[in-house]
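Undergrad: Per our numbering, residue -2 is the first one in the sequence shown, and the count goes up by one each step.
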Amino acid sequence: MSNPIRVAVTGAAGQIAYSILFRIASGQLFGKDRPVHLNLLEIPPAMNAVAGVAMELEDCAFPTLAGITLTDQAEVAFDGINWALLIGSRPRGPGMERADLIKINGPIFVGQGKALNRSASDVRIMVVGNPCNSNCLIAMNNSDVPNDRFSAMMRLDQNRAKALLATKSNNPVTAISNLAVWGNHSNKQYPDFENARINGRPVTEVITDLPWLQTTFVTTVQERGADIIKARGLSSAASAANAALDHVTSLFQPTADKDWISAAICSNGAYGADAGLICGLPVRTRADGTQEIVEGLTLSPWAQGQFNTVLDELRAEREVVKDLLK
Ligand code: NAX
């Protein structure tokens, strides 16, 4: 077996972590012949709980689990790591919107951004903790790690959108491709059905009910997180962990020919998204493992309006956190 890949997971005693850690430790993410060392970061009151999670990880006797470090110090958690999965923060409760969280969670990402300077030179960072786009922006701006290593998770939104289109068109989810969710991981996000495909055909040719696409489809995807909170009393966890695994995999595996994925990465100004914003865009991973924004897609005036709305939200969030940006 090769050297362990070192993965930091923050919020390691939380419910998303409880779903994701066992799948990472089992070798599902990085392969059965790649040992994994987990650095689990929590806040002091949760150290006891995370010790329990570590005991359970040990009790799985995963051949790929090379070791576990438990800490409440970001500098320790991020020392020499290859991947940072920044999940820890306070989740939305019933009736809360992401904007309510921005002031509570933003400061966490200042310290974590600085601590990321201790990571390995190839580090990649995925932010899940909400509001994930702006938290990622804060971490990126407080770190010397290159901007192109930072991303925030739009993959749960992509998966939700694909599942909905598959059900509506009576196809397997594998038939749905080219699905980008634009903008912010919030209820203003724009799941782009105009450029998505079903068995290689434009969605709008297969699902001809445009009012359904423009209203039911878009709002169901936008409100899915809130609907799950209403139903479960807790925010999405297993599906979020699953999406996080998909996201990380998509960042190290080249994207299938002609397809793209949804990820929020540092904008280069394409499509009018301000350069430097962490914005959900159509993204491809090249053969060398770096990412590119898929440019040249057409948005109808209606879709552009949707994107403009969510861009304004991202700009407003950036304004709220401007004092936290270096
Ligand atoms: P939990 O409350 O179950 O767990 C969060 C954990 O983070 C807690 O154990 C807490 O002690 C820890 N934590 C808080 N501050 C920390 C810090 N400074 N350093 C390290 N750990 C810290 O929440 P969970 O359901 O696991 O959700 C985690 C985050 O994911 C939330 O912000 C949530 O809103 C966000 N989500 C993001 C999604 C996305 O698609 N981007 C979808 C799912 C989820 O809503």
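Note that CB positions come from ideal geometry on N, CA and C, so glycine has one too.
Owing to the predicted nature of the structure, the values given are computational and were not obtained by experimental measurement.
Can you have a look at E39 and say buried or exposed, based on whether 16 or more other CB atoms are within 10 angstroms of its CB?
TA: If you number the sequence shown from 1, residue 39 lands on position 42. E39 is buried by the Cβ-count criterion.
Undergrad: Residues bridged to I65 by DSSP?
TA: In the sequence shown, the residue the question calls residue 65 occupies position 68. I65 pairs with L35.
Undergrad: Taking 7 Å as the limit between beta carbons, can you name the residues of its chain near A237, skipping five residues before and five after?
TA: Position 240 of the sequence shown holds residue 237. I13, V125 and L153, listed in sequence order.
Undergrad: What runs of the beta strand (DSSP E), each 3 residues or longer, lie entirely inside the stretch 240 to 280?
TA: Counting whole runs of 3 or more residues, the stretch 240 to 280 contains the beta strand (DSSP E) stretches 258 to 263.
Undergrad: When you compare each of N36, G266, T282 and T217 to A160 by their alpha carbons, which one comes out closest?
TA: Indexing the sequence shown from 1 puts residue 160 at position 163. Selected option, being the one with the closest Cα: T217.
Undergrad: In angstroms, rounded to a whole number, what distance separates the CA positions of A267 and I290?
TA: The residue labelled residue 267 in the question sits at position 270 within the sequence shown. The residue labelled residue 290 in the question sits at position 293 within the sequence shown. Each residue's Cα considered, the two are about 8 Å apart.
Undergrad: In the DSSP assignment, the alpha helix (DSSP H) including P298 goes from what residue to what residue?
TA: On the sequence shown, residue 298 is found 301 positions in, with the first residue counted as 1. It spans P298 to V317 - the alpha helix (DSSP H) in which P298 sits, taken as one unbroken run.
Undergrad: Whole angstroms is fine: what's the gap from L18's alpha carbon to G85's?
TA: For this step, residue 18 is matched to residue 21 along the sequence shown. For this step, residue 85 is matched to residue 88 along the sequence shown. Between L18 and G85, the C-alpha separation is close to 13 Å.
Undergrad: Can you find a heavy atom of ligand 3 that lies under 7 Å from the Cβ of I101?
TA: Ligand 3 is absent from the structure shown, which contains only ligand 1.
Undergrad: Is any non-hydrogen atom of ligand 1 found closer than 7 Å to the C-beta of E39, if you look at the structure I gave you?
TA: By 1-based counting over the sequence shown, the position of residue 39 is 42. Within the cutoff, so yes.
Undergrad: Any heavy atom of ligand 1 inside 7 Å of the beta-carbon of G85?
TA: Here residue 85 refers to the residue found at position 88 when the sequence shown is read from its first residue. Checking every heavy atom of ligand 1 against the Cβ of G85, one is found closer than 7 Å.
Undergrad: Taking the alpha helix (DSSP H) that F19 falls in, what are its first and last residues?
TA: In the sequence shown, counting from the first residue as 1, residue 19 sits at position 22. Q12 to A22 is the span of the alpha helix (DSSP H), which, as asked, contains F19.
Undergrad: Closest by CA to G273, which one among S297, L134 and G108?
TA: Start at 1 with the first residue of the sequence shown, and residue 273 comes out as number 276. Among S297, L134 and G108, the Cα nearest to that of G273 belongs to L134.
Undergrad: Could you check how far apart the C-beta atoms of R87 and I101 are, in whole angstroms? I think they sit under 8 Å.
TA: As a working mapping, residue 87 is identified with position 90 in the sequence shown. As a working mapping, residue 101 is identified with position 104 in the sequence shown. Right, their Cβ atoms sit about 5 Å apart.
Undergrad: Please determine if the stretch 250 to 259 and the stretch 162 to 173 are in contact, where contact requires at least 3 C-beta pairs separated by less than 8 Å.
TA: Verdict: no, contact absent.
Undergrad: When every heavy atom of ligand 1 is checked, does at least one fall within less than 7 Å of the C-beta of H182?
TA: Counting from one through the sequence shown, the residue named residue 182 turns up at place 185. H182 Cβ: within cutoff of ligand 1.
Undergrad: Assuming W299 contacts Q211 under a Cβ cut-off of 8 Å, what Cβ separation, rounded to an integer in Å, is found between them?
TA: Here the question's residue 299 lines up with position 302 in the sequence shown. Here the question's residue 211 lines up with position 214 in the sequence shown. Confirmed, about 7 Å.
Undergrad: Please indicate yes or no: does the CB of G222 lie closer than 7 Å to some heavy atom of ligand 1?
TA: The sequence position of residue 222 within the sequence shown is 225, counting from 1. It does: the Cβ of G222 is within 7 Å (strictly closer) of some heavy atom of ligand 1.
Undergrad: Output the distance between the C-alpha atoms of V318 and L278, rounded to the nearest integer angstrom.
TA: Translated into the one-based positions of the sequence shown, residue 318 becomes position 321. Translated into the one-based positions of the sequence shown, residue 278 becomes position 281. Looking at the two C-alpha atoms, the distance is approximately 22 Å.
Undergrad: With a threshold of 7 Å, establish whether the CB of L308 neighbours any heavy atom of ligand 1.
TA: Taking the first residue of the sequence shown as position 1, residue 308 is located at position 311. No, ligand 1 has no heavy atom inside 7 Å of this Cβ.
Undergrad: Applying the 10 Å Cβ sphere with the 16-neighbour rule, what's the burial state of D189?
TA: For the purposes of this step, residue 189 is identified with residue 192 of the sequence shown, where counting begins at 1. Flag for D189 reads buried.
Undergrad: Say the cut is 7 Å; is the CB of S116 nearer than that to a heavy atom of ligand 1?
TA: Counted from its first residue, the sequence shown places residue 116 at position 119. Flag unset: Cβ of S116 not near ligand 1.
Undergrad: Roughly how many whole angstroms lie between the Cα atoms of A313 and S183?
TA: The residue labelled residue 313 in the question sits at position 316 within the sequence shown. The residue labelled residue 183 in the question sits at position 186 within the sequence shown. Going from the Cα of A313 to the Cα of S183 covers about 13 Å.
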